[in-house]
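Residue numbers (the numbering used here): 1 to 332. To keep things clear, I will list the structure first and then write my remarks on it.
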Amino acid sequence: MKKILTVLLLLIFIASTDSAFPVQANSKLEHRTINVGNFNRINVSSIINVTFIQGKATGEVQVSAPSSKMKYVKVEVNNKELCLSYSSRDNSRNNDGPINVTVQAPSIVEVTTTGASSFKVKGELNMKEKICIESSGASNINIPVLRTTNISLSASGASAVKMQRMESSTLKIYGSGASNIKITDALSPKIYLESSGTAYLGISNYSGEKLLVSTSGVSKTEVKTTDADILDLESTGVSSLKVGNIDAKMTDVTVSGEAVAYLWGKSQGWNKNVSGGGKIKTNVGTSIASQSSSVSSSKSTSKSTSKSTSKSSSRSKSSRESSKKSVPTQAP
Numbered sequence: 001m002k003k004i005l006t007v008l009l010l011l012i013f014i015a016s017t018d019s020a021f022p023v024q025a026n027s028k029l030e031h032r033t034i035n036v037g038n039f040n041r042i043n044v045s046s047i048i049n050v051t052f053i054q055g056k057a058t059g060e061v062q063v064s065a066p067s068s069k070m071k072y073v074k075v076e077v078n079n080k081e082l083c084l085s086y087s088s089r090d091n092s093r094n095n096d097g098p099i100n101v102t103v104q105a106p107s108i109v110e111v112t113t114t115g116a117s118s119f120k121v122k123g124e125l126n127m128k129e130k131i132c133i134e135s136s137g138a139s140n141i142n143i144p145v146l147r148t149t150n151i152s153l154s155a156s157g158a159s160a161v162k163m164q165r166m167e168s169s170t171l172k173i174y175g176s177g178a179s180n181i182k183i184t185d186a187l188s189p190k191i192y193l194e195s196s197g198t199a200y201l202g203i204s205n206y207s208g209e210k211l212l213v214s215t216s217g218v219s220k221t222e223v224k225t226t227d228a229d230i231l232d233l234e235s236t237g238v239s240s241l242k243v244g245n246i247d248a249k250m251t252d253v254t255v256s257g258e259a260v261a262y263l264w265g266k267s268q269g270w271n272k273n274v275s276g277g278g279k280i281k282t283n284v285g286t287s288i289a290s291q292s293s294s295v296s297s298s299k300s301t302s303k304s305t306s307k308s309t310s311k312s313s314s315r316s317k318s319s320r321e322s323s324k325k326s327v328p329t330q331a332p
C-alpha cells in the first residue's frame, strides 16, 4: 500500500512539474495578408507591434507572427477603426517570437495603444486632419516627424512616447501615472503641457508664441529651450518645472505646496505668485520667493519702526507738556 501511495505521489509531482515548466517547441514564422478595407483610426493592444506607413490606401494588413501565435491574432475594422489584438492567454508561447503588423494608409486621425503593444511610424507623417494619440499600460509610441493642424497627445500608466519633431497650429500634451514623454522639437503658436503623478514630460526645443505649463503630484516637466513671447507656468504639489533660455515679453509663474520652478533666461515682465513652501529659482541660483518675502519683511519692519518712533515722539511731547502744567506759579 505504501509503495502504491509513493508511486501516485511521484506521478503527481511529475505532472505538476511539467505544467509549471512547459517545454516550448520551435515555432516557424508565418506571413499573412488580410483584407480589411479602409480605416483612419488604429487601436493596438496586447503584445502586437505596429509599423505605420503613410501612403496610398491598400485595404490590406501584413501580419508576421510565429505559427503558434498566428491563429490568436485578431484583425478587424469597426467604424473605420482598425483593431489589432492577441486573444491567447497561454503564456507558454511568449518566447516563440514577436507579432509584427504593417499597415498603410493616407492618414490617421486617432492612434490608441494599450498593454505591451507598440506603434511606430516609418518616415514622416504629414496630414491636414486633427490627430489624437493615446498610450497606456506599458505601450510604446515612436513617431519621428508629425505635422498636422491639431495634435492631442496623452500618455498614462507606464507608457512611453518619443517624437523628434512636432508641428501643429495647436499642441496639447498630457502625461500622467509613470509615463514618459520625450520630444526633441515642438513648433506651434500655442502649446499646453500638463503632467501629474510621477510622469516626466520633456521638450528639448519649443518655438511658438505662448507656452502654458501645469505640473502637479511629483511629476517633472522640462523645456530646455523656449522661444515664446508669453509664458504661463504653474507648479503644485511636490512637482518640478524647468524652463530654460527664456526670452519672453511676459512670464507668469505660480508655485505652491513644495513645488519648485527653475527658470533661466530673461523676461520683460514678471508676475510671481508663491505660497506654501514653493520656490522659484533663477539662473543665478537665487530664490525669488525668499527675495520677495525678505523685501516684504523689510517694508513691514520699516513701517513698524516708523510707527514706534512716531508713538514714542508723541508720548515724549505729551510728557513735557504735562510737566509744564504741574509746575506751581509763584505769587507776585
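Glycine included, each C-beta is placed from N, C-alpha and C at the ideal position.
Under DSSP, no beta-bridge partner is assigned to asparagine 283. Distance check between alanine 105 and each of Arg147, Leu231, Glu60 places Glu60 closest, using alpha-carbon atoms only. Close CB contacts of glutamate 76 within its chain, under the 6 Å cut and outside five residues either way in sequence, are with Cys83 (chain order). Take aspartate 232, set aside five residues on each side of it, and the residues of its chain with a beta-carbon closer than 6 Å to its own are Leu212, Asp252, in chain order. By the neighbour-count criterion, in which 16 or more other beta carbons inside 10 Å mark a residue as buried, serine 139 falls on the buried side.
The region 174-187 makes contact with the region 195-203, as at least three CB pairs between them are under 8 Å. When the beta-carbon positions are compared, serine 188 and glycine 208 come within less than 8 Å of each other. Rounded to whole angstroms, the gap between the alpha carbons of serine 152 and glycine 97 is 33 Å. Residue Ala248 holds the alpha-carbon nearest to the alpha-carbon of lysine 266 among Ala248, Asn273, Gly277. Contact between the region 120-131 and the region 60-73 is not established, with fewer than three Cβ pairs separated by less than 8 Å. In the structure shown, methionine 127 falls within a coil segment according to DSSP collapsed to helix, strand and coil. One alpha carbon belongs to tyrosine 86, the other to serine 117, and they sit about 10 Å apart.
In the structure shown, lysine 71 adopts coil according to DSSP, grouped into three states.
The shortest CA-to-CA distance from glutamine 268 to any of Ile246, Asn283, Val255, Tyr262 is the one to Ile246. Taking C-alpha positions only, tyrosine 262 is separated from valine 145 by approximately 29 Å. Judged by DSSP in its simplified three-state form, aspartate 96 adopts helix.
Under the three-state reduction of DSSP output, asparagine 49 falls in the strand class.
The DSSP-derived three-state label of aspartate 247 is strand. DSSP lists Thr251 as the beta-bridge partner residues of tryptophan 270. Considering only Asp229, Val223, Gly278, Gly276, the residue with the shortest C-alpha distance to tryptophan 264 is Val223.
Glycine 202 carries a strand assignment under DSSP once its states are collapsed to helix, strand and coil. Around the beta carbon of arginine 32, fewer than 16 other beta carbons lie within 10 angstroms, which makes this residue exposed.
Rounded to the nearest whole angstrom, the CA to CA distance from valine 243 to serine 275 is 20 Å.
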